[in-house]
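Participant: Residue numbers (this note's numbering): 1 to 222.
See the structure below:
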């Protein structure tokens, strides 16, 4: 289970400030419950999908690591889904798969604790936008899913916050450095109003879809 919050209009300005600032993991865990920061870092982050095609010559995404290396932000240029008369169905859904290889010290596990998403939605009456994120570790069949629906009519900036319950989080395996995968999809559904349309697209302020991920830690059982 997860907790999801939609913050339109003025609340987005507050969310933008939060997204621009590094997330301090110590707000959710005591120092003794966090591994040595010098031994925690990202070895590699890769992405691909219809919403973030991989092209080194013309990147569709950019990465910002927090100074403490315990959270990261990805900005997308082409993460746009749309539906409506004359729009191909292939445009109704876009996805982006993130593969994150992280170095952690022995004796610790981590999981995705929360995620923040920011962008723009313009939806006619009876047209819905939906965002879904699936988190899982490579080679592990357990997944955690967070999903939020924006119902039309709606035309505004939005900020979504997914808070994963501690008991529902998928955790890395002790003693192994398995990458974590985050598959994010956005959908626009106009089946209840085929003459209407909508778009779930990039943010109107900075031209980017913003995603911020925060990690949760716990010690391995001895």
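Every residue gets a Cβ at the ideal spot worked out from N, C-alpha and C, and that includes glycine.
With 16 as the cutoff for other CB atoms within 10 Å, does residue 133 come out buried or exposed?
Facilitator: Buried: at least 16 other Cβ atoms inside 10 Å.
Participant: Here's the rule I'm using: 16 or more other beta-carbon atoms within 10 Å means buried, otherwise exposed. How should residue 26 be labelled?
Facilitator: Because residue 26 carries a pLDDT of 37, less than 50, the predicted location of this residue cannot be relied on, and the following value inherits that uncertainty. So residue 26 counts as exposed.
Participant: By the DSSP assignment, the beta strand (DSSP E) with residue 180 in it spans what residues?
Facilitator: Run containing residue 180: 180 to 189, per the beta strand (DSSP E) assignment.
Participant: Measure the beta-carbon distance from residue 65 to residue 42 and round it to whole angstroms, keeping in mind my assumption that it falls under 8 Å.
Facilitator: Contact holds; Cβ gap of about 6 Å.
Participant: Using 8 Å as the threshold, is the region 88 to 107 in touch with the region 34 to 53, meaning 3 or more CB pairs across them?
Facilitator: Contact between the region 88 to 107 and the region 34 to 53 is present, because at least three Cβ pairs lie under 8 Å.
Participant: Here's the rule: buried if 16 or more other CB atoms are within 10 angstroms of the residue's CB, otherwise exposed. What is residue 221?
Facilitator: Residue 221 is exposed by the Cβ-count criterion.
Participant: Going by alpha carbons, who is nearest to residue 86 out of 190, 200 and 217?
Facilitator: The shortest Cα separation from residue 86 among 190, 200 and 217 belongs to 190.
Participant: If we count the other Cβ atoms within 10 Å of its Cβ and call it buried at 16 or more, is residue 223 buried or exposed?
Facilitator: The structure shown does not extend to residue 223, since the chain is modelled only from 1 to 222, so the question has no answer here.
Participant: Does the beta-carbon of residue 39 have 16 or more other beta-carbons within 10 angstroms, so that it is buried, or is it exposed?
Facilitator: It counts as exposed.
Participant: Quick one: give me the first and last residue of the beta strand (DSSP E) that residue 171 is part of.
Facilitator: Segment: none, residue 171 is in no beta strand (DSSP E) and carries neither H nor E.
Participant: Suppose you measure from the CA of residue 80 to the CA of residue 188; what does that come to, to the nearest Å?
Facilitator: Near 10 Å, if we compare the C-alpha coordinates of residue 188 and residue 80.
Participant: In whole angstroms, what is the alpha-carbon distance linking residue 120 and residue 58?
Facilitator: Whole-angstrom Cα-Cα distance: 23 Å.
Participant: Taking buried to mean at least 16 other C-beta atoms within 10 Å of its own C-beta, is residue 194 buried or exposed?
Facilitator: Counting Cβ neighbours within 10 Å, residue 194 comes out exposed, since fewer than 16 surround it.
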